[in-house]
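Residues in the sequence shown are numbered consecutively from 3, following the numbering used here.
Working notes, beginning with the structure itself.
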Amino acid sequence: DTFRRFHTRNPFTSAALFEDPATAAGAAALAGRLRDLKWPHAGAIEIVHGEQSGHSALIRADIAEEKGSPIRISGQARFID
3 DTFRRFHTRN
13 PFTSAALFED
23 PATAAGAAAL
33 AGRLRDLKWP
43 HAGAIEIVHG
53 EQSGHSALIR
63 ADIAEEKGSP
73 IRISGQARFI
83 D
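Now the structure itself:
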């Protein structure tokens, strides 16, 4: 979408689910990798996940410049039956 907004999917066909919901672990890994690649993130990225499955989620990852520093993840959660 932009240098700071990403649309992601995680197919999961080996279980009853067709797509994994958004996860903080995946968001942190993506944000850390982008930081290490010196991606122009301006301190944060947004990850939109699950639009195609009808369970859209927005996760924000705050990224410090120092390699190896923590990634702060925020967003909202909801229960899915």
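Glycine is no exception: its CB is placed at the ideal position from the N, C-alpha and C atoms.
Discussion item. Quick check on DSSP: helix, strand or coil for Leu36?
Written reply: helix
Worksheet entry | Close-in-space but distant-in-sequence residues of the same chain around His51 (CB under 6 Å, 5 per side omitted) | Thr10, Ala24, Ala59
Fill in: Residue environment, Leu39, which counts as buried when at least 16 other CB atoms sit within 10 Å
exposed
Worksheet item: Nearest to Gln54 by alpha carbon, out of Leu32, Asn12, Arg7?
Response: Asn12
Worksheet entry | Thr4 versus Leu36: straight-line alpha-carbon distance, rounded | 13 Å
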